[in-house]
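Take the position in the sequence shown, starting the count at 1, then add 629; the result is the number in my numbering. Where a beta carbon is used, it is the ideal one built from N, C-alpha and C, also for glycine. All figures in this text were calculated on a predicted structure; none of them were measured in a lab. Heads up: the structure comes next, in structure tokens.
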Amino acid sequence: MGIQLPRWVWIGAIALSCVAGMVNVVGFLGFEHQAITHLTGTTSQLGMALVQRDWRNVGHLWGVLIAFCLGAMLSGLIVQDATLRLGRRYGVVLLLESLLLLAAIPLFKQQQIWGALAAAMACGLQNAMAT
């Protein structure tokens, strides 16, 4: 017997997946052609950069990893529960995510690492909130 999830959970999950996909496309097409919404690819690229002694890239990739983790930590501090329930402080997390993504836009346009860091932090916020 399967679990029936409320409609609002499905709508939220679809919307958040779309946001994550769009942020990833911006990362791939825009700055340094790297994924932003998850850590697996970034960690693999970090390993390659370390082997190649590409210290500039190592710094950027470490920054993305740290920003993502800081966003996840901040989300946990704000929501403070692992159980999905209406009434939690998801709105605060989503507002911070929105502000970070808005701040990332001009930074990406200027090809600055700060755009990728802001987007990674926003994705960490969203990932931890949804998880």
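DSSP three-state assignment for P635, whether helix, strand or coil: coil
Span of the alpha helix (DSSP H) around I707: 684 to 708
Status (buried if at least 16 other CB within 10 Å, exposed otherwise) for H689: buried
Residue range of the alpha helix (DSSP H) that includes Q674: 668 to 681
Neighbourhood of A732 by C-beta distance below 6 angstroms, restricted to the same chain and skipping five residues each side: A747
Extent of the continuous alpha helix (DSSP H) to which Q755 belongs: 742 to 759
Three-state secondary structure assigned by DSSP to I734: helix
Rounded straight-line distance, which links the Cα of Q674 to that of E726: 25 angstroms
Three CB pairs or more closer than 8 angstroms across the stretch 654 to 668 and the stretch 678 to 698: yes
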